[in-house]
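Chemist:
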Amino acid sequence: MTGVTTLLLLSGVARSQNGHQDTPSRAEIADAARGTRGASYIPLDSWIYPAAIRFYELGYLPTAYIGMRPWTRASLAHMLQLSQPAMLSESTDSEALAIFNALHRELAPELSSDTPAALAVDSIYTRVRGIHGTILNDSYHLGQTVINDYGRPYQPGWNHLTGYSLHGTAGRFDLFVRGEYQHAPAANGYSAAVANVLADLDRTPHVPQFGIPQGSIPQQNNVRLLEADLSAHLLGHQISFGKDDAWLGPAQGSSMAWSNNAENIYSFRINRIEPLFVPGLSSLVGVFRYDFFVGSLKGHNYPNDPWIHSSKISFKPTPDLEFGFQRSVIWGGKGHVPITVHTFLRSFFSLTAVSPAQKFSRDDPGARFSTFDFTWRVPWQNHLLTVYTDSLVHDNVFPVSNPGRAGLRPGIYLSRLPGMPHADLRIEGVTTSPRDPGSTRGQFLYFESAQNQGYTNRGQIIGDWIGREATGGQGWFTWHLKPDQSIQLEYRMAKAAADFIPGGTTQQNAALHVLLRPTPNLELKASAQGELWRAPLVAQGTQHNFTGTFQLTYFPHLVLRR
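Quick note: the sequence shown, position 116, residue 124 per my numbering, numbers continuous.
1. Got a sec, what are the start and stop residues for the beta strand (DSSP E) residue 398 sits in?
2. Check whether the region 520 to 537 touches the region 97 to 106, taking contact to mean three or more Cβ pairs, one atom from each stretch, closer than 8 angstroms.
3. Quick check on the DSSP output: what are the complete beta strand (DSSP E) runs of length 3 or more inside the region 497 to 550, in order along the chain?
4. Secondary structure at residue 432, three-state DSSP: helix, strand or coil?
5. Which value, in whole angstroms, describes the spacing of the CA atoms of residue 335 and residue 434?
6. To which residues does DSSP link residue 186 through a beta bridge?
7. Count the other CB atoms within 10 Å of the CB of residue 371; is the residue buried (16 or more) or exposed (fewer)?
8. Going by beta-carbon coordinates alone, are residue 376 and residue 403 separated by less than 7 angstroms?
9. Does DSSP classify residue 140 as helix, strand or coil?
10. Could you tell me whether any non-hydrogen atom of the ligand ATP is closer than 6 angstroms to the CB of residue 489?
11. In terms of alpha-carbon separation, which member of 398, 139 and 196 lies closest to residue 76?
12. Judging by CA-CA distance, which residue of 328, 97, 115 and 540 is the nearest neighbour of residue 550?
13. Quick one: Cα of residue 52 to Cα of residue 260, how far?
14. Quick check on the DSSP output: the beta strand (DSSP E) that includes residue 350 runs from which residue to which?
15. Could you give the C-beta distance for residue 59 and residue 82, rounded to a whole number, given that I count them as a contact under 8 angstroms?
16. I'd like the list of long-range same chain contacts for residue 391, defined as Cβ closer than 8 angstroms, with 5 residues on each side in sequence excluded.
17. I need the straight-line Cα distance from residue 10 to residue 343, nearest angstrom please.
18. Just to confirm, are residue 383 and residue 74 a CB contact at a threshold of 7 angstroms?
19. How long is the line joining the alpha carbons of residue 475 and residue 454, rounded to whole angstroms?
20. Residue 192: buried (16+ other C-beta within 10 angstroms of its C-beta) or exposed?
21. Note down, in chain order, each residue of its chain lying with its Cβ closer than 6 angstroms to the Cβ of residue 479, except the 5 sequence neighbours on either side.
22. Whether or not the region 504 to 521 and the region 112 to 121 are in contact is what I'm after, with contact meaning three or more pairs of Cβ atoms, one per stretch, closer than 8 angstroms; do they touch?
23. What residue range does the alpha helix (DSSP H) around residue 414 cover?
24. From the DSSP output, in three-state form, read off residue 146 for me.
25. Tell me the DSSP secondary structure of residue 102 in three-state form.
26. Please go through the same chain and pick out, in chain order, the residues whose beta-carbon is closer than 7 angstroms to the beta-carbon of residue 19, but skip the five residues on each side of it.
27. Residue 181 bridges to which residues according to DSSP?
28. Tell me which residues share the same chain as residue 312 and place their Cβ nearer than 8 angstroms to its Cβ, disregarding the 5 neighbours each side in the sequence.
29. Roughly how many angstroms separate the alpha carbons of residue 87 and residue 277, rounded to a whole number?
30. Please confirm if the region 546 to 561 is in contact with the region 203 to 221, defined as three or more CB-CB distances below 8 angstroms between the two stretches.
31. Could you check where the alpha helix (DSSP H) with residue 280 kicks off and where it finishes?
32. Would you identify the three-state DSSP class for residue 162, choosing helix, strand or coil?
33. Helix, strand or coil: which one does DSSP assign to residue 83?
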């Protein structure tokens with residue numbers, strides 16, 4: 009903890025000299041969060057997050073927890089309230105003021121003292137995606153051409169989806185529903201020989217399964233709930249049941265612990281959405297938040313139908329410093345360990361090493377994965393620089409206890425570039441290559457010998473898209489036209505180890521993303537991506553593909569009040 013303490017002291021000293029915003033008092037935090045009104049989670053792919061995180065990186069939102077998303081509409085409204093005094097300063101940045109005003113307009117119902125019961129249609133959207141060329145669609149083994157897209161199906165040809173979102177609020181209760189029709193063309197899966205090689209890597213029988221599509225893949229026409237939950241606000245907590253988003257890390261490219269790369273799971277969740285002050289403890293580590301959820305994983309055959317629980321706690325000693333610890337455990341499954349309160353508690357509190365005999369018995373506490381992350385918004389030069397990292401370890405208490413066995417995703421962010429005050433640059437590296445001396449490649453991080461299909465839901469990695477035994481990175485150059493409009497260039501690369509996947513794999517992607525608002529109620533998203541990849545196991549030579557995506561979203565602002 010020495011490094012964290014040093015950052016805390018440096019951040020506190022510099023912030024008092026030239027930071028935008030001092031640490032809010034306990035009374036200010038409590039006053040901003042006062043109220044019992046329910047509010048829905050903000051979907052992770054909303055324009056609100058890039059705008060709010062940009063606002064944070066410019067030196068505002070003192071109680072924003074970047075490593076714990078999603079936020080509720082009400083909790084973000086409370087963050088804005090705590091930023092309002094800084095907006096009255098003569099030195100307020102014009103871009104920051106524009107973001108504040110845009111978010112304030114978006115969250116006007118939550119900022120209002122009027123709280124009638126209401127049902128609102130939030131959005132109606134449609135998307136077409138054309139893919140030309142051969143693709144990768146297997147994050148647990150070879151890689152993905154399309155990442156962080158809720159596990160939606162995609163194949164070469166024309167892909168399409170149409171969806172809607174709505175929410176209803178009555179007092180402290182809230183209902184949120186987001187549903188879609190999803191279409192993907194038919195395609196060819198792996199040959200029997202390739203499927204057998206991959207099954208050997210996973211220690212699973214040689215039969216078709218999620219994540220190893222073999223033979224002909226039929227056309228898909230799915231009607232799916234992307235998100236759907238019933239929640240209640242209670243004493244600063246959001247208690248919910250259903251399908252919720254989760255992004256439990258500070259990085260933009262992915263989260264080691266949990267991202268939206270795979271389809272959301274059905275879960276029961278207790279999320280402390282407002283900062284908590286505990287006398288004594290908070291004088292050392294500041295205010296903090298925590299998040300817990302538990303639910304079942306789908307697409308697992310060995311064993312069938314295991315469950316997973318995730319717990320995270322994040323601390324903010326100062327507005328510029330955040331660090332958190334997270335732990336996920338996959339346990340149970342038919343024929344392995346029954347899902348009961350007793351086995352849940354055993355997996356939840358297990359911290360000691362497990363013998364091979366115990367791992368394959370009914371006493372197995374589960375596959376345990378832990379993360380540590382921190383974000384330091386460097387206060388000098390008006391928060392020009394932010395540094396952060398996310399890390400993951402398997403069967404250790406936390407990555408900081410054994411960094412040599414940890415996967416890493418470090419990053420840096422420059423909030424302004426010379427001569428371009430509305431442009432920013434973000435660069436992240438990522439690796440899951442640290443090797444356990446007693447394991448073979450691909451059978452350590454995101455894998456577990458008793459839970460052979462590892463850290464996946466319906467065949468896709470629920471953590472970082474980089475997958476197993478791989479190294480890569482991402483970079484983004486973004487020009488912010490307005491708070492809800494931007495042009496972005498992205499580069500992504502990944503390389504899986506040759507002693508994990510025979511011959512290894514290499515991916516390189518370059519993409520252009522455009523977000524525009526022709527009218528306040530209409531959003532246009534468009535992207536063009538080119539990819540080159542090599543994977544000798546499945547194809548000879550360099551393969552390439554081009555992906556074009558266009559999405560139109562209408563925000564009707566249709567509200568029915570009681």
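Beta carbons: idealized from backbone N, C-alpha and C, even for Gly. Predicted model only: the values in this text are computed from it and were never measured.
Modeler: By the coordinates alone:
1. Within the sequence shown, residue 398 is the residue found at index 390, counting from 1. Segment 393 to 402, the beta strand (DSSP E) holding residue 398.
2. Taking 8 angstroms as the limit for Cβ pairs, the verdict is that the region 97 to 106 does not touch the region 520 to 537.
3. If only uninterrupted beta strand (DSSP E) runs of at least 3 residues are considered, those enclosed by the region 497 to 550 are 513 to 527 and 530 to 542.
4. Here residue 432 corresponds to residue number 424 of the sequence shown, with the count starting at 1. The answer is strand: DSSP assigns residue 432 an E or B state.
5. Counting from one through the sequence shown, the residue named residue 335 turns up at place 327. Counting from one through the sequence shown, the residue named residue 434 turns up at place 426. Rounded to the nearest angstrom, the two C-alpha atoms are 27 angstroms apart.
6. Taking the first residue of the sequence shown as 1, we reach residue 186 at position 178. Assignment of beta-bridge partners to residue 186 by DSSP yields 173 and 235.
7. Along the sequence shown, one-based indexing puts residue 371 at 363. Residue 371 should be labelled exposed.
8. For the purposes of this step, residue 376 is taken as the residue at position 368 of the sequence shown. For the purposes of this step, residue 403 is taken as the residue at position 395 of the sequence shown. Against a cut-off of 7 angstroms, the Cβ pair of residue 403 and residue 376 comes out as a contact.
9. Within the sequence shown, residue 140 is the residue found at index 132, counting from 1. It is a strand residue.
10. Questions concerning the ligand ATP fall outside what the structure shown contains, since it holds no ligand whatsoever.
11. Taking the first residue of the sequence shown as position 1, residue 76 is located at position 68. It is 398 whose Cα lies nearest to the Cα of residue 76.
12. By one-based count along the sequence shown, residue 550 stands at place 542. It is 540 whose Cα lies nearest to the Cα of residue 550.
13. One-based indexing of the sequence shown puts residue 52 at position 44. One-based indexing of the sequence shown puts residue 260 at position 252. If I take the Cα positions, the gap works out to 11 angstroms.
14. One-based indexing of the sequence shown puts residue 350 at position 342. Per DSSP, residue 350 belongs to no beta strand (DSSP E); it is in the alpha helix (DSSP H), 349 to 357.
15. Residue mapping note: residue 59 aligns to position 51 of the sequence shown, counting from 1. Residue mapping note: residue 82 aligns to position 74 of the sequence shown, counting from 1. Not confirmed; about 17 angstroms, so no contact.
16. Translated into positions along the sequence shown, residue 391 becomes position 383. Correct list, in chain order: 27, 28, 65, 66, 67, 328, 385 and 423.
17. In the sequence shown, the residue the question calls residue 10 occupies position 2. In the sequence shown, the residue the question calls residue 343 occupies position 335. Its pLDDT being 39, under 50, residue 10 is placed unreliably by the model, and the measurement read from it follows with that caveat. Linking residue 10 to residue 343 through their CA atoms gives a straight-line distance of about 45 angstroms.
18. The residue labelled residue 383 in the question sits at position 375 within the sequence shown. The residue labelled residue 74 in the question sits at position 66 within the sequence shown. In terms of Cβ geometry, residue 383 and residue 74 form a close pair [threshold 7 angstroms].
19. Taking the first residue of the sequence shown as 1, we reach residue 475 at position 467. Taking the first residue of the sequence shown as 1, we reach residue 454 at position 446. Each residue's alpha carbon lies about 7 angstroms from the other.
20. Stepping through the sequence shown from its first residue, residue 192 is reached at position 184. It is buried - the Cβ of residue 192 has at least 16 other Cβ atoms within 10 Å.
21. Within the sequence shown, numbered from 1, the residue matching residue 479 stands at position 471. Same-chain partners within the cutoff: 439, 441 and 503.
22. Not touching, per the Cβ criterion.
23. Residue mapping note: residue 414 aligns to position 406 of the sequence shown, counting from 1. Here residue 414 belongs to no alpha helix (DSSP H), and DSSP marks it neither H nor E.
24. The sequence position of residue 146 within the sequence shown is 138, counting from 1. For residue 146, the three-state secondary structure derived from DSSP is strand.
25. Start at 1 with the first residue of the sequence shown, and residue 102 comes out as number 94. In the structure shown, residue 102 sits in a helix (DSSP, three-state: H, G or I).
26. The residue given as residue 19 occupies position 11 in the sequence shown. Its pLDDT being 41, under 50, residue 19 is placed unreliably by the model, and the measurement read from it follows with that caveat. Only residues of its own chain outside the window of five on either side were considered, and among them 326, 328, 329, 384 and 387 have a CB closer than 7 angstroms to the CB of residue 19, listed in chain order.
27. For the purposes of this step, residue 181 is identified with residue 173 of the sequence shown, where counting begins at 1. By DSSP's assignment, residue 181 forms a beta bridge with 178 and 240.
28. One-based indexing of the sequence shown puts residue 312 at position 304. Taken in chain order, the residues that qualify are 341, 342 and 343.
29. Along the sequence shown, one-based indexing puts residue 87 at 79. Along the sequence shown, one-based indexing puts residue 277 at 269. One C-alpha to the other measures close to 22 angstroms.
30. Touching, no.
31. Taking the first residue of the sequence shown as 1, we reach residue 280 at position 272. Under the DSSP assignment, residue 280 falls outside any alpha helix (DSSP H), being part of the beta strand (DSSP E) whose first and last residues are 274 to 280.
32. Looking up residue 162 in the sequence shown gives position 154. Note: residue 162 maps to coil in three-state DSSP.
33. Mapped onto the sequence shown, residue 83 falls at position 75. In the structure shown, residue 83 sits in a helix (DSSP, three-state: H, G or I).
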